[in-house]
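What follows is a short report on a single structure.
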Ligand SMILES: [Zn+2]
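Numbering (this note's numbering), first residue to last: 2 to 68.
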């Protein structure tokens, strides 16, 4: 079973999700429980990496909790 990595567009949380089937719908964010998540490909967690490095190479405004 493949494990996919997702990134929440609402709170910038990155999480891994075990897909039980190929047609598994996108999970919800375990942090803010929104379903606005994006499956990450080989690039990994871009925004979180930007936060960790403090590079400022991403838009913080695109990553605010939606409430
Ligand atoms: Zn979230």
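Where a beta carbon is used, it is the ideal one built from N, C-alpha and C, also for glycine. Note that the structure is a prediction, hence the values are computed from the model and not measured.
Do residue 7 and residue 41 have their C-beta atoms within less than 8 Å of each other?
yes
Pairwise C-alpha distance: residue 22 and residue 32:
23 Å
For residue 35, does the three-state DSSP call read helix, strand or coil?
The answer is coil: DSSP assigns residue 35 none of H, G, I, E or B.
Under 7 Å from any heavy atom of ligand 1, does the C-beta of residue 32 make it?
Under cutoff, so the answer is yes.
Could you tell me if the beta carbon of residue 15 falls within a distance shorter than 7 Å of some heavy atom in ligand 1?
no
For residue 12, which beta-bridge partners are listed by DSSP?
DSSP, once it has assigned bridges, lists no residue as partnering residue 12.
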